[in-house]
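Novice:
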Amino acid sequence: MKKLLILLVLLAPGLTALAQVKQGDLVPDINFATVLNAKVKSANLSQLKGKVVLIDFWATWCGSCLEAMPHLQALQAKYPKSLQIIAVNDESLKRTGLYIKLRPANFWFAVDTTREIGKVFPHRLIPHSVLISSDGRLAAVTLPENITEHVIDSVLNKNVVHISEKKDNLLSHEELIKQNFYAADTVRHRFMMEGEINGAPGLSTTWLTDSIFKGRRITCLNLSLSTLYRLAYNDYPYSRTIDQTKPAKNAPVYCLDLIVENPDQLRPALQQELAKRFDIQAKEETILKDVQVLKITDQNKFNEIKRNQTGKRTYSAGHGNIDQDCITMKEFAEFLQDYGIGKLVVDKTGNIEKLDIKFTFQPEDPQSILDILSTMGLGLTKEEQEINMLVLYKQAAL
Numbered sequence: 011m012k013k014l015l016i017l018l019v020l021l022a023p024g025l026t027a028l029a030q031v032k033q034g035d036l037v038p039d040i041n042f043a044t045v046l047n048a049k050v051k052s053a054n055l056s057q058l059k060g061k062v063v064l065i066d067f068w069a070t071w072c073g074s075c076l077e078a079m080p081h082l083q084a085l086q087a088k089y090p091k092s093l094q095i096i097a098v099n100d101e102s103l104k105r106t107g108l109y110i111k112l113r114p115a116n117f118w119f120a121v122d123t124t125r126e127i128g129k130v131f132p133h134r135l136i137p138h139s140v141l142i143s144s145d146g147r148l149a150a151v152t153l154p155e156n157i158t159e160h161v162i163d164s165v166l167n168k169n170v171v172h173i174s175e176k177k178d179n180l181l182s183h184e185e186l187i188k189q190n191f192y193a194a195d196t197v198r199h200r201f202m203m204e205g206e207i208n209g210a211p212g213l214s215t216t217w218l219t220d221s222i223f224k225g226r227r228i229t230c231l232n233l234s235l236s237t238l239y240r241l242a243y244n245d246y247p248y249s250r251t252i253d254q255t256k257p258a259k260n261a262p263v264y265c266l267d268l269i270v271e272n273p274d275q276l277r278p279a280l281q282q283e284l285a286k287r288f289d290i291q292a293k294e295e296t297i298l299k300d301v302q303v304l305k306i307t308d309q310n311k312f313n314e315i316k317r318n319q320t321g322k323r324t325y326s327a328g329h330g331n332i333d334q335d336c337i338t339m340k341e342f343a344e345f346l347q348d349y350g351i352g353k354l355v356v357d358k359t360g361n362i363e364k365l366d367i368k369f370t371f372q373p374e375d376p377q378s379i380l381d382i383l384s385t386m387g388l389g390l391t392k393e394e395q396e397i398n399m400l401v402l403y404k405q406a407a408l
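Going by our numbering, the first residue of the sequence shown is number 11, and it counts up by one from there.
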């Protein structure tokens with residue numbers, strides 16, 4: 011199953027967990043207080059005794075979570091009477107209800123805005139699957155794809171299952187960076203690189219809100235080589251990268267921290283450090299591609315978009331939302347490409363103003379973001395255009 015680079019996280023910074031349940035322990039009588047698509051409006055775990063219960067923590071904006079849904083539906087269909095799957099998220103009733111309306115399922119959806127269920131099974135990365143035996147004992151904590159029919163059969167037959175355990179590092183990403191890559195404000199130049207931090211998310215930051223390191227420091231946690239190269243070469247998005255290196259499914263991931271004297275040295279320095287250690291080559295090529303062109307369709311509506319007055323840049327964005335101040339149309343096109351429509355987007359609005367843009371949409375409903383663009387006086391049209399692409403390859407042996 012394909013994974014997103016950053017499986018988020020942040021279910022509860024500073025979360026105070028209950029005594030952690032271990033494999034074979036009795037699970038507390040969890041209360042699913044708000045069930046949305048079942049005959050019951052709420053349920054306790056004890057009411058499901060006699061059934062195997064699979065709790066899957068997910069979110070509507072989590073790509074890997076959504077990829078797991080067909081697998082969960084297949085399991086529920088295979089074991090309609092002996093298995094109860096409950097997908098739990100902490101989003102609003104309205105948002106979850108909109109998702110279910112477009113993507114109905116044969117298992118339960120439960121909303122846990124208080125995160126009480128998550129406290130029983132503390133985690134920071136999703137999806138996060140918890141398998142409970144028919145007598146209420148913890149059978150496994152893992153990823154949803156690891157829970158197969160064979161695993162369900164084993165639990166039904168009262169056997170101990172041996173599958174890969176998912177054990178998250180519960181530190182915040184700020185704490186992880188401080189623990190592994192602490193740097194005093196006086197540091198002017200440094201490069202550090204290490205292997206995977208088990209249980210940590212994949213992420214990168216260029217410290218854009220830090221007055222000391224802004225633009226001259228980059229920190230990466232648990233990222234693949236191809237992602238590191240994309241960051242080194244002008245932060246090419248995934249959709250504009252052709253990876254010919256054929257990385258293995260379980261290829262290693264890396265952590266690094268680079269500090270340079272001046273911001274214009276950052277990307278070249280990262281390129282040099284990677285070239286010292288790996289045999290991957292990178293080049294830019296112009297390739298004819300189908301793209302979505304962003305244009306102004308209604309100038310009056312476009313003029314109603316809030317113009318930035320503060321000069322302060324903010325960066326909040328995700329699959330399903332954007333809240334960014336001082337953003338340009340070029341940057342907004344990149345948001346649409348990376349988080350909105352999943353296709354190459356080119357800005358041809360001709361507008362260079364700094365705008366404040368904030369809205370939410372439904373990633374599972376492609377029309378929802380198009381409707382929002384329409385209210386902004388914007389539209390997308392398909393065109394064929396030459397696009398700069400980053401090509402990653404390995405130098406042929408002489």
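The C-beta atom is built at its ideal place from N, Cα and C for all residues, glycine as well.
Classify residue 345 as helix, strand or coil using the three-state DSSP reduction.
Specialist: As a working note, residue 345 is residue 335 in the sequence shown. Residue 345 falls in the helix class under three-state DSSP.
Novice: Could you spell out the range, first to last residue, of the beta strand (DSSP E) harbouring residue 328?
Specialist: What you label residue 328 is simply residue 318 of the sequence shown in a count that begins at 1. 326 to 328 is the span of the beta strand (DSSP E), which, as asked, contains residue 328.
Novice: Between the C-alpha atoms of residue 388 and residue 339, what's the straight-line distance to the nearest angstrom?
Specialist: Residue mapping note: residue 388 aligns to position 378 of the sequence shown, counting from 1. Residue mapping note: residue 339 aligns to position 329 of the sequence shown, counting from 1. If you take the alpha carbons of residue 388 and residue 339, they lie about 10 Å apart.
Novice: From residue 111 to residue 374, what distance separates their C-alpha atoms?
Specialist: Mapped onto the sequence shown, residue 111 falls at position 101. Mapped onto the sequence shown, residue 374 falls at position 364. Using only the alpha carbons, I get a separation of about 10 Å.
Novice: If you follow the alpha helix (DSSP H) that residue 93 is in, where does it begin and where does it stop?
Specialist: Here the question's residue 93 lines up with position 83 in the sequence shown. No alpha helix (DSSP H) holds residue 93; the beta strand (DSSP E) holding it covers 93 to 99.
Novice: Confirm the yes/no value for this check: CB of residue 45, any heavy atom of the ligand GTP, distance under 7 Å.
Specialist: Inclusion of the ligand GTP in the displayed structure is not the case, the ligand content being empty and no account of it being possible.
Novice: Can you confirm whether the stretch 276 to 289 touches the stretch 330 to 349 when touching is taken to mean that 3 or more C-beta pairs between the two stretches lie within less than 8 Å?
Specialist: Flag = no, the stretch 330 to 349 and the stretch 276 to 289 do not touch.
Novice: Using the Cβ count rule (16 or more neighbours within 10 Å means buried), how would you classify residue 296?
Specialist: Within the sequence shown, numbered from 1, the residue matching residue 296 stands at position 286. Looking at its Cβ environment, which holds fewer than 16 other Cβ atoms inside 10 Å, residue 296 is exposed.
Novice: Anyone know if the C-beta pair for residue 219 and residue 236 falls short of 8 Å?
Specialist: Looking up residue 219 in the sequence shown gives position 209. Looking up residue 236 in the sequence shown gives position 226. Taking 8 Å as the Cβ cut-off, residue 219 and residue 236 do not qualify as a contacting pair.
Novice: Return the first residue and the last residue of the alpha helix (DSSP H) that residue 109 is part of.
Specialist: Within the sequence shown, residue 109 is the residue found at index 99, counting from 1. Its alpha helix (DSSP H) spans residues 103 to 112.
Novice: Are the CB atoms of residue 400 and residue 246 within a distance shorter than 8 Å?
Specialist: As a working mapping, residue 246 is identified with position 236 in the sequence shown. As a working mapping, residue 400 is identified with position 390 in the sequence shown. Cβ atoms of residue 246 and residue 400: closer than 8 Å.
Novice: Looking only at DSSP bridge pairs, what is residue 399 linked to?
Specialist: Taking the sequence shown and counting its residues from 1, the one referred to as residue 399 is at position 389. Paired residue(s): 295.
Novice: Report back the beta-carbon spacing between residue 439 and residue 290 to the nearest angstrom; my notes put them in contact at under 8 Å.
Specialist: Nothing can be reported for residue 439, as the shown portion of the chain is limited to 11 through 408.
Novice: Below 6 Å CB to CB, which residues in the same chain sit around residue 198 once its five sequence neighbours on both sides are set aside?
Specialist: Along the sequence shown, read from residue 1 onward, the residue named residue 198 stands at position 188. Closer than 6 Å at Cβ, skipping near neighbours: 271.
Novice: Here's the rule I'm using: 16 or more other beta-carbon atoms within 10 Å means buried, otherwise exposed. How should residue 94 be labelled?
Specialist: Translated into the one-based positions of the sequence shown, residue 94 becomes position 84. Per the 10 Å Cβ criterion, buried.
Novice: My guess is that residue 386 and residue 332 are in contact by the Cβ rule of under 8 Å, so how many angstroms apart are they, rounded?
Specialist: Within the sequence shown, residue 386 is the residue found at index 376, counting from 1. Within the sequence shown, residue 332 is the residue found at index 322, counting from 1. About 11 Å separates the two Cβ atoms, so there is no contact after all.
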